[in-house]
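Residue numbers (UniProt numbering): 1 to 144.
Virtual Cβ for every residue (Gly too), placed ideally from N, Cα, C.
Accompanying notes for the structure given below.
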């Protein structure tokens with residue numbers, strides 16, 4: 001958790017890192033995300049249907065065509081093929097990922113949880129601030 005900017009409670013008697021309490025929270029979070037990966041999107045203010053509509057729109061040809069070659073038919077894909085000689089330099093390069101709109105609301109630690117655990121909000125606030133700023137390495141990627 002320290003790598004994420006978070007700090008565990010100073011008053012915890014457990015010497016483990018992370019302490020068993022923080023580990024329990026992380027395991028519970030991982031279990032919930034295993035059951036419903038879209039929960040992470042909900043935390044960021046996005047919903048499953050909006051994401052799926054965006055993916056469907058891109059799949060229906062809403063994206064940019066690459067090149068002006070012949071239409072590839074029979075494959076079920078709506079792409080334009082470029083002659084190999086034209087794309088040798090970038091043949092194995094990854095495409096730029098689609099940028100989804102980021103909600104303008106600010107993240108509020110545990111506003112959705114009904115809890116009186118001492119120090120929980122103080123422990124989670126730095127992690128929420130890091131997520132709000134774009135996550136670890138956001139400034140290097142130009143996301144910040």
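Check: Output the distance between the C-alpha atoms of residue 16 and residue 31, rounded to the nearest integer angstrom.; Outcome: 21 Å
Check: So, under 8 Å CB-CB, residue 51 and residue 41 are touching, yes? Tell me the CB distance rounded to an integer number of Å.; Outcome: 6 Å
Check: Can you say whether residue 57 is buried or exposed, counting buried as having 16 or more other CB atoms within 10 angstroms of its CB?; Outcome: exposed
Check: Thinking just about the alpha-carbon of each residue, which of 134, 47, 123 is nearest to the one in residue 18?; Outcome: 123
Check: Can you check which of these residues, 92, 45, 94, is closest to residue 131 by C-alpha distance?; Outcome: 45
Check: Any idea what DSSP makes of residue 91, helix, strand or coil?; Outcome: coil
Check: Pull up the distance between the alpha-carbon of residue 91 and that of residue 126, whole angstroms please.; Outcome: 41 Å
Check: Can you look up residue 26 in the DSSP assignment and give me helix, strand or coil?; Outcome: helix
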